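*Asks:* Residue numbers (the numbering used here): 932 to 1107.
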Amino acid sequence: MTFDDPFAKLEHQAERLVDGLTALQSSLPSDVIEQAKELKQGIGRTSRALQSRRAADLRAGLDTVERRTQEAEVARERAESDAKIERLEREVRALLDPTRAEARTFYELRRGELAQDIAAVRKRREQLEARLAGSTGATEMERSRDAALAASIHAEEQALSGELARIERNLATIGR
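1. Which residues in the same chain have their Cβ closer than 8 Å to the Cβ of I1105, if we skip the five residues on either side of it in sequence?
2. Rank V1052, D994, R990, A1025 by C-alpha distance to the C-alpha of L1080 and give the top, closest one.
3. Along the chain, where does the alpha helix (DSSP H) that runs through A1051 open and close?
4. Once you ignore the five residues that flank D1028 on each side, which residues in its own chain have a CB closer than 8 Å to its CB?
5. Should I974 and L948 be called a contact, given that it needs their Cβ atoms to be closer than 7 Å?
6. Ordered along the chain, which non-local residues of its own chain (more than five positions away) have a Cβ less than 7 Å from that of E1087?
7. Could you check what DSSP says for G951 in three-state terms: helix, strand or coil?
8. Determine the extent of the alpha helix (DSSP H) in which A1096 is found, giving its start and end residues.
9. Taking only the alpha-carbon atoms, compute the straight-line gap between L970 and T995 and give it to the nearest angstrom.
10. In three-state DSSP terms, what is G973?
11. Taking 8 Å as the limit between beta carbons, can you name the residues of its chain near E946, skipping five residues before and five after?
12. So, with DSSP's three-state summary, where would you put G992?
13. Please classify I1084 as buried or exposed, where buried requires at least 16 neighbouring CB atoms within 10 angstroms.
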């Protein structure tokens, strides 16, 4: 039997002590057994009194982790938004160029970037799907998490493919 809670382990040990002393009752003074029972009860009271404190500490720890996760998510979203804005500004500048040479160069570079991004995302998705297919020892929660991640990666791949199609159309328009 394993105990994650040290007080539960201590309470179990005290219970075993009381049981052992009770078995030897005839050779021990009665006050020794009573003191052992009081010790066991005191440990139980202390354990119950600290349960709410331990629960509060766990909740506070979870809140901290959740807050940090949310802050990281916001920072990631900001960085992605900044990158999108910067790309759009470059595209507008390229389109305003009267010779269209800058626009063609921009779209060709962007097409290459997107092709690399799609290849990287596709590789990540294929690796995850392979891991999902061979996950015989994984828990249901792990499989669900991986399936949700695979769906997210697939959606990202679709979005990048849509952006690539738009870039291809723009290149075709400029080429006329």
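Ideal Cβ positions, reconstructed from N, Cα and C, are used throughout, including at glycine.
Values in this document were obtained by computation on a predicted structure and should not be read as measured data.
*Replies:* Concretely, from the data shown:
1. R1031, A1034, R1035, Y1038
2. V1052
3. 1032-1064
4. A1034
5. no
6. Excluding positions up to five away in sequence, the list reads V1052.
7. helix
8. 1071-1106
9. Rounded to the nearest angstrom, the two C-alpha atoms are 37 Å apart.
10. DSSP places G973 in helix when its eight states are reduced to three.
11. K971
12. helix
13. buried
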